[in-house]
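Numbered per my numbering, the sequence shown spans residues 35 to 582. Every residue, glycine too, gets a C-beta built ideally from N, C-alpha and C. Computed from a predicted structure; not experimentally measured. Worksheet: one structure, shown below.
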Amino acid sequence: MTEQTLDTNGVILNARIEEVRVYREMDGGGSNFTLTLTQDGQQYTLPPYSVDNIDRFRIGKIDPRFVALDEDGKATDTRVQAVLKEAISQEIRQGRCGVLLNRTGWAKLPNGRHIYNTGMQVIGDAGGIEVKLSDTLPQLELTDRCTEMEDKQVLQSYLRKLSREPDILILLVAHMVRSLLASMFERLGFPLRYILYLVGVQGSGKTTAANDFGLPFTDVTQNAPAPATRALSSKPAVRDFAAEYRDMSALLDDVCTSSSAETRRISTDIAAYTLRFAADRIYEAISRPGGGQRKVRCTAGLVITGEFPMQKPSDLTRCVIVEVDHQMRGKEADDRMVSSATATRFIKYLAEHFDSVSDEIRMALSNFRADAVEEGGPRQQQHMGELSCSFQLLLEYARSIGAIDDLEMAEWRLRLQNALGRALSANMRLTAKFERENVSNVAKIIVDAMKSETILLAKNKEKFSQKPDKYAGFEGHKRTVYIRLSSLQELLTSASGKVWTDSAVGKQLRENGLVEVGKDGHTAKAKFPQLGRFVPINKENLEKQAKI
């Protein structure tokens, strides 16, 4: 014990109480207080502690440097708790409560102002309200080292860099902006339901581009771009990572082909899990360290880099595909520095104009919802609409500070549309390729072939028997069609581009419930004298499955 000081509240401590401050958590959370003490001429502030748990406050357990004593010199926390309760009540009565930020991203203060929390810094004017950051937040910051450059110069330099690879970098930047405004979009009814997937060969520059233009934040503990993790992590680790950061882009790096088959399996498995966790927005219950459960979901805008496309059509539709099909060119040493400075200044602009930007997003996306969807399906069109809206917010900011004029604005909008069109085309092409190669809906392939007469059926058995070489089968009674197995084998081989055996065709038909299973466990066949054997398929079931 260094010294025993009777503070002004009559509580004996080996330190002096300097200040008690109360902070309310955002989004309807509870109240917390901080305690500032002086010991041996040095000042200490203890981490925020719940007001509701004040009766369990034990100062020595929080920091062993401090000991509470009664008049007889015996350790006790009771009188410390009493003094703290009175100080907390006084702070509340006099309306001096501050705000405790325990999540990254945007927060609306009691005075109506909006501020942005990176984890280590608050961007925006709090309007006189004291703001405190929770000590459990990630140690991330936005750095603006372009202090000698005006906003206009920074934006002009930034846009010049994007023009090197507009089809790739525009989408990265649009997704970064979309991620920064994730909570705003969600309040307007547009939760983030897609992942930006950079796909290309090893060494093409995917991770570098993502770090320089998609991840403006820096982890101060490692002095590295953040938040980022590897695709070889465990599912719980990736889940916790994706749920920790709000209103910012995050990177799942390196779904790779270059390692062992087991490594590839793990990385693709993690990527597929991440897609569902991020895009489906379903809360996942996990165990608390001290017992019980808590629910988490993805709150970051995820970017994935990989060397091959996703493995299922349902995965592809949850992605915006950005193909990096060549070695990216023109990297400059200050790419990341200018990107971070742009993001910092853009967030300051958003904080000042938060309500008007919100109205602009609402109008843009409400109008989009009324538009007819022509290509790619409604899910992909929605993704593109949100990216388009996000990048145009950045363009509007650039025009407002004089970085671009109306003509340049139009040119950048054209580049944006080209980039979106390229991404949508890649998604549609990869989805169609998967459908061809994997025959995910065999019923649709058969029905389409029957309509186009690629599979030509006679109206009855008698007509078939007259020209058996002309037809692949015939229609029977009770809406049953009889088709040669060899004809189906030729159809699937032609549709998928890979060889299908008779046994593989039979297995596919059985697995989809289109045919019955015979006594030998194989596909049941109907045998007609002098005509051969045919696969009997219920036409009603066939057409029903074709629509799924």
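DSSP on residue i, reduced to helix/strand/coil?
i: TYR505; result: coil
i: ASN475; result: coil
i: VAL133; result: strand
i: ASN66; result: strand
i: ARG298; result: helix
i: LEU230; result: strand
i: GLN327; result: strand
i: ALA560; result: strand
i: TYR57; result: strand
i: LYS119; result: helix
i: PHE247; result: helix
i: HIS387; result: coil
i: ARG113; result: helix
If the criterion is Cβ atoms closer than 8 angstroms, does the pair residue i and residue j meet it?
i: CYS131; j: TYR231; result: no
i: GLN579; j: ALA477; result: yes
i: ILE204; j: LEU336; result: no
i: ARG513; j: LYS573; result: yes
i: ASP253; j: THR138; result: no
i: LEU522; j: VAL539; result: yes
i: ILE355; j: ALA460; result: yes
i: ALA437; j: LEU193; result: yes
i: PHE342; j: HIS148; result: no
From residue i to residue j, what distance separates their C-alpha atoms?
i: ALA160; j: PHE91; result: 30 angstroms
i: ARG212; j: ASP482; result: 40 angstroms
i: MET462; j: LEU206; result: 20 angstroms
i: THR177; j: VAL156; result: 12 angstroms
i: GLY75; j: VAL54; result: 18 angstroms
i: TRP140; j: SER217; result: 7 angstroms
i: LYS504; j: LEU490; result: 8 angstroms
i: THR255; j: LEU286; result: 19 angstroms
i: GLU52; j: THR79; result: 9 angstroms
i: GLU164; j: LEU384; result: 20 angstroms
i: LEU103; j: PHE251; result: 46 angstroms
i: LEU441; j: GLU394; result: 21 angstroms
i: SER301; j: ALA265; result: 5 angstroms
i: GLN124; j: GLU386; result: 33 angstroms
i: THR1; j: GLN73; result: For residue 1 there is no data in the structure shown, the boundaries of the chain being 35 and 582.
i: GLU120; j: ILE338; result: 52 angstroms
i: VAL114; j: SER392; result: 47 angstroms
i: GLU445; j: ALA506; result: 55 angstroms
i: ALA312; j: LEU450; result: 25 angstroms
i: ALA529; j: ILE479; result: 8 angstroms
Residue i: buried (16+ other C-beta within 10 angstroms of its C-beta) or exposed?
i: SER400; result: exposed
i: THR112; result: exposed
i: ASN87; result: exposed
i: LYS195; result: buried
i: GLU278; result: buried
i: LEU47; result: buried
i: ILE320; result: exposed
i: LEU526; result: buried
i: SER390; result: exposed
i: LYS240; result: buried
i: HIS417; result: buried
i: GLY340; result: buried
i: ALA271; result: exposed
i: ARG370; result: buried
i: GLY566; result: exposed
Can you tell me which of the options puts its alpha carbon nearest to the alpha carbon of residue i?
i: PRO563; options: PHE508, GLN361, SER499; result: SER499
i: PRO225; options: ILE316, GLY325, SER197, ALA305; result: ILE316
i: ILE202; options: PHE247, GLN327, LYS186, ALA284; result: PHE247
i: LEU69; options: MET60, ASP97, GLY62; result: ASP97
i: GLY64; options: VAL101, GLY510, ALA216, LEU134; result: LEU134
i: THR586; options: GLY239, ASP274, ASP439; result: The structure shown has nothing for residue 586, since the chain only spans 35 to 582.
i: SER267; options: ASP281, ASP288, GLU394; result: ASP288
i: LEU543; options: GLU496, SER474, GLY510; result: SER474
i: ASN452; options: GLY62, GLN361, ALA432, SER197; result: SER197
i: PRO82; options: THR110, ILE122, ASP61, SER530; result: ILE122
i: LEU249; options: GLN236, THR263, THR465, GLY237; result: THR263
i: PRO144; options: HIS209, MET60, ILE355, TRP534; result: MET60
i: LEU215; options: ASN66, PHE425, ALA560; result: PHE425
i: ALA49; options: GLY62, ARG99, ASP89, ASN66; result: ARG99
i: ILE421; options: THR152, GLU487, ALA398, ILE93; result: Residue 421 is actually Leu in this sequence, not Ile. The shortest Cα separation from LEU421 among THR152, GLU487, ALA398, ILE93 belongs to ALA398.
i: LEU167; options: GLU175, ASN151, GLU182; result: ASN151
i: THR333; options: LEU350, PHE219, ASP185, ALA305; result: PHE219
i: ASN546; options: ASP536, ALA529, ILE571; result: ILE571
i: GLN361; options: GLU199, ARG322, GLY129; result: GLU199
i: ARG433; options: ARG299, GLY419, GLN190; result: GLN190
i: VAL330; options: VAL549, LYS559, ALA276; result: ALA276
i: ASN245; options: VAL372, ARG518, ARG379; result: VAL372
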